[in-house]
Amino acid sequence: MTQHRNDTRTALVVLAHHRSDSLTAHTARRTTAQLEAAGYRVDLLDLHAEGFDPRMTEADQPDWGNREKTYSREVRDHMRRVLEADVVVAVFPVYWQSVPAVLKGWIDRVWNYGFAYGRSKPRLAGKRMLWLALAGAAADDPVTEGMHSLLEANLSEGIAYYCGFSHSRVGLLPDAEDRPQRVDAEGNLLVGDAVSGAGREAQYADFDRRAREFVEKFLAHEAVAV
Ligand SMILES: Cc1cc2nc3c(=O)[nH]c(=O)nc-3n(C[C@H](O)[C@H](O)[C@H](O)COP(=O)(O)O)c2cc1C
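All letters in the sequence shown, in the order written, are residues 1 to 226 by UniProt numbering.
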């Protein structure tokens, strides 16, 4: 596999959501437009639309005795897309303080031994990663801060840096639900009234602004680092 290089930088936007009318898909589309406006060529990988199967297979299971193992054609195609990217932006809903199964399976199968890790210089070395994580929890819910730390530890430290990425950040986007949610001291889920009309417009405008700022900051870091 050869690394794609020309003057245009490439962003791989990985969308992990089953509904194209979801806030997550909307955020991925806006992020794609923002990256394109910043001069990136964008490869939009919609895991559900492309029918990616997150289940591990024998063909894609690492062989610890052979880091040159030839993985399945599907996984090799995905590896090529990752290699061609200068930056990877994953856009997903937080499920159980983690990534949804389809994104976890994509990492399990594609970010594989001998490719993403297991070499003194991993093939993903130097790339940059942004994880845009939409969360149902309210921004002022005490669980939100801990969720952010957990996601950074898992996704940036446990995965991206382990695989040689030079920069990784989790952009946590709480308040992703139109009905505010929080958990009380007894563990009950409290769901507020749905926001509607102008209130809803304002909520989503604010959401879009926060997502945009994460991408802007990420690109500013990219410009300094290049
Ligand atoms: C299985 C599942 C697990 C979830 N776990 C969490 C969670 O741990 N923390 C949280 O804040 N929201 C959680 N949520 C709420 C989702 O993050 C929220 O519904 C989503 O970000 C909304 O975006 P969407 O409309 O694009 O799906 C969960 C939702 C589901 C379906």
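A virtual CB, placed ideally from N, CA and C, is assigned to each residue, including glycine. Quick caveat: nothing in here was measured; it's all calculated off a predicted structure.
The residues 48, in chain order, have a CB closer than 6 Å to that of residue 18 in the same chain once the five nearest residues on each side in sequence are set aside. Under a 10 Å Cβ-count criterion, residue 135 is classified as buried, with 16 or more other Cβ atoms of the shown protein chains found around its own Cβ. For residue 171, the secondary structure class from DSSP, reduced to helix, strand or coil, is strand. Residues with their Cβ less than 5 Å from any non-hydrogen atom of ligand 1, running along the chain, are 22, 23, 24, 93, 94, 95, 96, 97, 134, 135, 136, 137 and 176. In the three-state scheme derived from DSSP, where H, G and I count as helix and E and B as strand, residue 40 is classed as coil. The region 111–131 makes contact with the region 50–70, as at least three CB pairs between them are under 8 Å. Under the 8 Å Cβ criterion, the region 162–182 counts as touching the region 131–147, having at least three qualifying pairs. If you draw a straight line from the Cα of residue 125 to the Cα of residue 220, it comes to about 19 Å.
Taking C-beta separations shorter than 7 Å and ignoring five residues to either side along the sequence, the partners of residue 210 in its chain run 173, following chain order. In the three-state reduction of the DSSP assignment, residue 97 falls in the coil class. The three-state secondary structure of residue 71, taken from DSSP, is coil. The continuous alpha helix (DSSP H) containing residue 144 extends over residues 143–151. Excluding its 5 nearest sequence neighbours in each direction, residue 43 has C-beta neighbours in its own chain below 8 Å: 10, 11, 12, 13, 81, 84 and 85, listed in chain order. Excluding its 5 nearest sequence neighbours in each direction, residue 87 has C-beta neighbours in its own chain below 6 Å: 11 and 128, listed in chain order. Here DSSP, grouped into helix, strand and coil, assigns residue 82 to helix. By the CB criterion at 8 Å, residue 133 and residue 158 fall outside the cutoff.
With fewer than 16 other beta carbons inside 10 angstroms of its own, residue 56 counts as exposed.
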